[in-house]
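What follows is one structure encoded as structure tokens, with my remarks underneath.
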Ligand code: NDP
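In full-length UniProt numbering, the protein residues as written are 5 to 336.
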């Protein structure tokens, strides 16, 4: 058995040395406990924030302790009335091949609705983040132009497709031609811009002839600077993430474009998906019905092997994933 621990708090970009693999004993369950075998785990950009001890909305990882995150696992031993050997469960679990649970914070998954990995992507935090950020803050209306950054990532590609379902013109910004082609050809985006090779200002002008009504921001930095210069009056800007800034050792003071918000009476609002918890069941029903109808596609980039978790995490910052980045730890 083994687990992955935070070896030290990184400054700037984390490295392989940030992650420490430690051999540990196989767990033995007591009454009321189960042994969980990790099958799939999710690596997420927000975990970079938890490697720091700066005050945030979620507690930092502790140095010398196991990382944890959303995962799917299988019950392989049970001394718990509600769980049987073979059950597939979802939970926020330590990065540990085999671990113990008393049933708190885990729930059984219904695999007749969707494959287990979907609960780590479109029917989980990813889908919910897209849903609430777009509907509650973005409030897209038919005919409006919605721009999404980080568009070929897990949240971004979901946002763009939902905005299309709302009758909007949708423009995605992503970091490779393979990604921009995928967005337009497979997911029906109206246009997509490669921020690494194209001039953002001219490309945005061309892709958004009627300006920008909703900007769903996953990345921040220079991409956001460029989009802010094209917003319309009464634009709405859900600030979901700022991945371009997560690894900066010092915050960057960029050009100050907030006067754009004044001039255009625009709304810019950050949000945290977990604040919408009471409304999750309703949103998941909505997302699941779109998935079943083939109107909402989801894509996963799955890296195999527990030993490759650090690389999969670091790959998020190199743009290696299309859709949700997952790690397959073991077969059921
Ligand atoms: P993604 O699947 O989008 O993975 C990250 C992607 O970000 C990469 O594939 C890469 O794509 C892009 N990226 C990496 N570095 C940069 C950079 N410097 N500049 C621009 N783009 C970059 O992850 P998620 O969908 O899970 O998350 C997307 C965003 O949403 C993140 O900012 C995350 O923190 C945030 N989030 C917020 C939540 C909330 O409650 N507010 C909940 C969940 C996520 P590319 O090739 O295009 O560069």
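Note that CB positions come from ideal geometry on N, CA and C, so glycine has one too.
In chain order, 117, 118, 288, 291, 292, 295 place their CB closer than 8 Å to the CB of residue 127, counting only its own chain and leaving out the 5 sequence neighbours on each side. Comparing alpha-carbon positions, the option among 316, 327, 332 lying closest to residue 52 turns out to be 316. For residue 37, same chain residues with a beta-carbon under 7 Å away, outside a window of 5 residues either side, are 83, 84, 104, 105, 106 in chain order.
When secondary structure is reduced to three states using DSSP, residue 160 falls in the helix class. Counting only residues of its own chain and dropping the five nearest sequence neighbours on each side, residue 174 has a CB closer than 6 Å to the CB of 150, 164, 167, 168, 193, 194. In terms of side-chain proximity, the C-beta atom of residue 180 is found nearer than 7 Å to a non-hydrogen atom of ligand 1. Boundaries for residue 318: no beta strand (DSSP E) harbours it, while the alpha helix (DSSP H) harbouring it runs 313-320, taken from the DSSP string.
Runs of the beta strand (DSSP E) lying entirely within the stretch 83-158 and spanning at least 3 residues, in chain order: 92-98, 102-105, 110-112, 149-153. Here the alpha carbons of residue 297 and residue 58 stand approximately 43 Å from one another. Look at residue 195 here: in three-state DSSP terms it is strand. The C-alpha of residue 252 is placed about 25 Å away from the C-alpha of residue 265. Taking a 10 Å sphere around the C-beta of residue 222, we find 16 or more other C-beta atoms and assign the residue as buried. Set against 7 Å, the gap from the CB of residue 282 to the closest heavy atom of ligand 1 is not smaller.
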